[in-house]
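K.L.:
Mapping of the sequence shown onto this note's numbering: residues 27 to 235, in sequence order.
The beta-carbon is built from N, C-alpha and C at its ideal position, and this holds for glycine as well.
Here the structure is a predicted model, which is why all the values come from computation and not from measurement.
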Amino acid sequence: MTQELIFYTNPMSRGQIARWMLEEVGASYETVVLDYAASMKAPDYLAINPMGKVPAIVHGGRIVTECAAICAYLADAFPAANLAPPPADRHAYYRWLFFAAGPVEAAVTNKAMGFALPEGRERTAGYGRFEDTIDALETAISGDAWICGDQFTAADVYVGSQIDWGISFQSIPSRPVFEAYAARLRDRPAYKRQKEIDGALIAAMQKEG
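(1) Thinking serine 39 and proline 76 are a contact (beta carbons under 8 Å), I'd like their distance in whole angstroms, please.
(2) Taking the alpha carbon of glycine 192 as the point to measure from, which residue in Phe124, Lys137 and Thr35 has its own alpha carbon closest?
(3) Measure the C-alpha to C-alpha separation of tyrosine 120 and alanine 142 and round it to an integer number of angstroms.
(4) Excluding the 5 residues preceding and the 5 following cysteine 93 in the sequence, name in chain order all residues of the same chain whose CB lies nearer than 7 Å to its CB.
(5) Can you give the Cα-Cα distance for proline 69 and alanine 133, rounded to whole angstroms?
(6) Do you know how far the Cα of glutamate 145 is from the Cα of threonine 91?
(7) My output table needs one value for isoleucine 160: the three-state DSSP class, helix, strand or coil.
(8) Could you pull the DSSP bridge partners for phenylalanine 33 from this structure?
(9) List the whole-angstrom C-beta distance separating proline 129 from threonine 159, where the pair is believed to meet the contact cut-off of C-beta under 8 Å.
(10) Would you identify the three-state DSSP class for arginine 88, choosing helix, strand or coil?
(11) To the nearest angstrom, how far is it from the Cα of glutamine 196 to the Cα of arginine 210?
(12) Determine the extent of the alpha helix (DSSP H) in which alanine 110 is found, giving its start and end residues.
(13) From the DSSP output, in three-state form, read off glutamine 220 for me.
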């Protein structure tokens, strides 16, 4: 019996990452769209995510929040989708999935917010310099395939979302390697379905507003 899978999101959020992953695994799921002003901060949702933010999933009563965790969880929960390497071969998978969730997220956010690290304090920030973080990210996708070689995985969904959004909104510098990788991602049917679904939701919300 298929366990109930509920997806809490707002289309104008990182929920797009989780929806892309849901579309990749091919599982049926219920979407609950929340608004920033009220329902994300309502007691019933805070019981799911005390941070009062999206996305979140509830799968068979199990709660998972944070995009990287949702991607990794769904890859394991739906192994038939083949979105995680065998455990013995997960070195690059874990390395770059959590590199994107940690150093890349922090470096990009701090730069976008105009936060400048005091000179000589780069090691304290964890990611060092923004430029070094982006250079390291480029090495993860410098080939013609995926992060884990020929196998597309949940790491590509999460890392790819960071790169796709980053070059689109200019929070990550445009480089030939990033552009080529993003182009491969945008060809995936699940990526296109996610954009169509969330695009329609955004259009409906703007029309109502």
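P.N.:
With the given structure in hand:
(1) Position 13 of the sequence shown, counting from 1, holds the residue named residue 39. Position 50 of the sequence shown, counting from 1, holds the residue named residue 76. Wrong, their Cβ atoms sit about 17 Å apart, outside the cutoff.
(2) Within the sequence shown, numbered from 1, the residue matching residue 192 stands at position 166. When only C-alpha atoms are compared, the closest one is Lys137.
(3) The residue labelled residue 120 in the question sits at position 94 within the sequence shown. The residue labelled residue 142 in the question sits at position 116 within the sequence shown. Each residue's alpha carbon lies about 29 Å from the other.
(4) If you number the sequence shown from 1, residue 93 lands on position 67. Contacts found: Arg40, Ile43, Ala44, Pro81 and Tyr184.
(5) Here residue 69 refers to the residue found at position 43 of the sequence shown. Here residue 133 refers to the residue found at position 107 of the sequence shown. Using only the alpha carbons, I get a separation of about 32 Å.
(6) Walking along the sequence shown from the start, residue 91 turns up at place 65. Walking along the sequence shown from the start, residue 145 turns up at place 119. C-alpha separation (whole angstroms): 35 Å.
(7) Position 134 of the sequence shown, counted from the first residue, corresponds to residue 160. DSSP places isoleucine 160 in helix when its eight states are reduced to three.
(8) For the purposes of this step, residue 33 is taken as residue 7 along the sequence shown, with counting starting at 1. Paired residues: Thr57 and Ile83.
(9) Taking the sequence shown and counting its residues from 1, one reaches residue 129 at position 103. Taking the sequence shown and counting its residues from 1, one reaches residue 159 at position 133. Indeed they touch by this definition, with Cβ atoms about 5 Å apart.
(10) Residue numbering aside, residue 88 sits at position 62 when the sequence shown is read from its first letter. Strand, per DSSP.
(11) In the sequence shown, the residue the question calls residue 196 occupies position 170. In the sequence shown, the residue the question calls residue 210 occupies position 184. The alpha-carbon atoms of glutamine 196 and arginine 210 are separated by roughly 19 Å.
(12) As a first step, residue 110 must be located in the sequence shown, where it is residue number 84. Note, alanine 110: premise wrong, no alpha helix (DSSP H); not H, not E.
(13) Taking the sequence shown and counting its residues from 1, one reaches residue 220 at position 194. Helix.
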